[in-house]
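Written below as structure tokens is the structure these notes are about.
The structure is reproduced here in structure tokens:
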């Protein structure tokens, strides 16, 4: 009889240990946003393209992955994103305001004087990005900051 009680207690302890480790493993899981469909490079990410999936921390390694859905929506994929795979932080960027090769208005302001000309963007860039622009009149390459309206404002020393 005492032997049976010992076996029952050991069995219950084993069941509790299994349940506790399952709960611990579940608590350690990390839910990350992942593509629900293939997303091509240059494509804007919409909310319906994203779902969530649980990952064990040991599977994620030391790489930096995007942890919030709100960080993805409205941004642009820099490379192809595969369904069900976590998204590295360097795989998305803000949508381009200026595309490479596009004609842009270039503005130079100094001491109340404003000069406006046009140039060809030599690199794509989002608002706030520093990009090179070739002046269409002189052929000189200048650097400027992309403004939200698509113009490029020349920075000091360019």
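Residue numbers (UniProt numbering): 1 to 158.
Where is the CB? At the ideal position from N, CA and C, for every residue including glycine.
All values derive from a computational prediction rather than experimental measurement.
Sequence-distant partners of residue 146 (beyond 5 residues in either direction) whose C-beta falls short of 7 Å from its own C-beta, in its chain, are 97, 98, 125, 126, 127, 128, 129, 131, 152.
Within the same chain, Cβ atoms closer than 8 Å to the Cβ of residue 141 are found at 122, 132, 133, 134, 135, the five residues on either side in sequence being excluded. Judged by DSSP in its simplified three-state form, residue 38 adopts coil rather than helix or strand.
Between residue 34 and residue 84 the beta-carbon gap is near 5 Å, inside 8 Å, which marks them as a contact. Between residue 41 and residue 79 the beta-carbon gap is near 5 Å, inside 8 Å, which marks them as a contact. Secondary structure at residue 93: strand, using DSSP grouped into helix, strand and coil.
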